[in-house]
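Scroll down for the structure; my scribbles are underneath it.
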Amino acid sequence: MDIRHSTNPADAKHYDTARLRQQYLIESLFVADQIKMVYAHDDRLIIGGAQPIKEALTIEAADVLKTEFFLERREIGFINIGGNAIIDVDGERYELGKLDTLFVGKGAKELKLSSGNASEPAKIYFTSALAHATYPTRKVSVQEANTLNLGSLESSNERTIHQIIHENGINSCQLMLGVTLFKPGSVWNTMPSHLHDRRMEAYLYFDMNADARVFHFMGEPNETRHLVVANEQAVISPSWSIHSGAGTSSYAFIWAMAGENYTFKDMDVVPMDALK
Numbered sequence: 066m067d068i069r070h071s072t073n074p075a076d077a078k079h080y081d082t083a084r085l086r087q088q089y090l091i092e093s094l095f096v097a098d099q100i101k102m103v104y105a106h107d108d109r110l111i112i113g114g115a116q117p118i119k120e121a122l123t124i125e126a127a128d129v130l131k132t133e134f135f136l137e138r139r140e141i142g143f144i145n146i147g148g149n150a151i152i153d154v155d156g157e158r159y160e161l162g163k164l165d166t167l168f169v170g171k172g173a174k175e176l177k178l179s180s181g182n183a184s185e186p187a188k189i190y191f192t193s194a195l196a197h198a199t200y201p202t203r204k205v206s207v208q209e210a211n212t213l214n215l216g217s218l219e220s221s222n223e224r225t226i227h228q229i230i231h232e233n234g235i236n237s238c239q240l241m242l243g244v245t246l247f248k249p250g251s252v253w254n255t256m257p258s259h260l261h262d263r264r265m266e267a268y269l270y271f272d273m274n275a276d277a278r279v280f281h282f283m284g285e286p287n288e289t290r291h292l293v294v295a296n297e298q299a300v301i302s303p304s305w306s307i308h309s310g311a312g313t314s315s316y317a318f319i320w321a322m323a324g325e326n327y328t329f330k331d332m333d334v335v336p337m338d339a340l341k
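Given below as structure tokens:
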């Protein structure tokens with residue numbers, strides 16, 4: 066388990082490129098027959114990835130959690146971005162196609178991840194937040210998600226937001242999760258930018274060509290920085306930071322949030338003339 070401590074915006078504005086990437090960028094989440102996890106002290110979100118091929122992989126409580134099992138005090142959301150996935154939750158089997166989501170509430174003891182076909186392995190992305198109550202396990206396809214169509218081709222940000230784990234979808238204690246897909250010719254995400262000081266956020270960029278990149282903009286509105294992000298890399302966005310990006314070609318991203326408020330629209334829009 067990689068540990069990422071919280072940072073102060075007054076300090077972060079002095080970071081060089083290497084320090085920014087070390088603190089906020091997760092470069093490798095999908096490694097053959099491994100589970101990779103990052104523990105972010107920002108709202109104590111765990112960000113993880115798994116690529117099971119030869120055998121099933123079990124999510125276990127790392128020593129940092131000091132619990133008997135992973136979901137003793139947590140809930141988790143899985144979304145599959147690869148070949149067909151199989152997730153066993155306390156012996157109950159769930160099959161996930163691409164962009165299918167599975168939510169598992171607090172208290173489930175056994176989580177096993179495997180691929181339906183080793184020649185086309187699953188790539189299972191997951192985020193886990195603290196939970197104070199148990200919500201039922203539930204699977205949802207991206208087609209069943211609450212869908213918002215935003216932006217325009219003229220501003221290069223015509224996109225479809227699929228809200229999956231949220232107040233009007235799969236219910237949870239605090240975890241929110243969804244996926245944003247772009248229309249052809251659009252490359253900007255979350256612009257105009259916004260803040261939500263009540264919640265941190267994590268982005269996973271995916272469905273990118275090997276030579277494509279997303280320039281992910283972060284930092285306080287008057288002290289912006291950027292990270293150059295490749296396919297299947299993730300970014301930790303603290304609550305004080307904007308989180309926008311522009312791609313060199315088409316891409317998609319999964320967003321996940323945890324924190325105090327449980328309202329998707331709880332955000333403070335940043336005017337364009339405030340960005341520096």
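Quick note: the sequence shown uses the working numbering, first residue 66, plus one each step.
Yeah, the Cβ is synthetic: ideal placement off N, Cα and C, and Gly gets one too.
Exercise for the section: Would you grab the beta carbon distance between V154 and T202 for me? Rounded to a whole angstrom, and I think it's under 8 Å. Expected result: One-based indexing of the sequence shown puts residue 154 at position 89. One-based indexing of the sequence shown puts residue 202 at position 137. So it is a contact: roughly 6 Å between Cβ atoms.
Exercise for the section: Look up V207 in the DSSP assignment and say whether it is helix, strand or coil. Expected result: As a position in the sequence shown, residue 207 is number 142, starting the count at 1. Looking at V207 - three-state DSSP - the assignment turns out to be helix.
Problem - Given T328 as reference, the closest of L176, N236, K174 once Cα atoms are compared - result: What you label residue 328 is simply residue 263 of the sequence shown in a count that begins at 1. Nearest option by C-alpha distance: N236.
Practice task
Less than 8 Å between the CB atoms is what I'm expecting for S302 and A267, so what's the real figure, rounded?
Solution key: Taking the first residue of the sequence shown as position 1, residue 302 is located at position 237. Taking the first residue of the sequence shown as position 1, residue 267 is located at position 202. Their Cβ separation, rounded to whole angstroms, is 7 Å, which keeps S302 and A267 in contact under 8 Å.
Practice task
Ignore the nearest five residues each way along the sequence and tell me which others in Q99's own chain have a CB closer than 8 Å to its CB.
Solution key: Against the sequence shown, residue 99 aligns to sequence position 34. So the qualifying residues of the chain are A115, Q116, L122.
Problem - For R138 and K171, believed in contact at Cβ under 8 Å, the rounded distance - result: Taking the sequence shown and counting its residues from 1, one reaches residue 171 at position 106. Taking the sequence shown and counting its residues from 1, one reaches residue 138 at position 73. Sure, about 7 Å apart at Cβ, within 8 Å.
Problem - DSSP beta-bridge partners of N254 - result: By one-based count along the sequence shown, residue 254 stands at place 189. According to DSSP, N254 bridges with G310.
Problem - Span of the alpha helix (DSSP H), counted from its first residue to its last, around T347 - result: What is shown of the chain runs 66 to 341, which leaves residue 347 out entirely.
Problem - Candidates H231, L161, K341, A187, of which the one nearest G148 by Cα - result: Taking the sequence shown and counting its residues from 1, the one referred to as residue 148 is at position 83. The residue with the shortest Cα to Cα distance from G148 is A187.
Exercise for the section: Figure out for me which residue from P249, M66, I226 has the closest Cα to the Cα of M241. Expected result: Position 176 of the sequence shown, counted from the start, is the residue given in the question as residue 241. Considering only alpha carbons, the answer is I226.
Handout entry: Enclosing beta strand (DSSP E) for A299 [first to last residue]
Key = Counted from its first residue, the sequence shown places residue 299 at position 234. 298-302 is the extent of the beta strand (DSSP E) around A299.
Problem - Chain-order list of residues whose beta-carbon lies under 6 Å from that of S258 (same chain, five-residue window excluded) - result: Walking along the sequence shown from the start, residue 258 turns up at place 193. Closer than 6 Å at Cβ, skipping near neighbours: I307, S309, V335.
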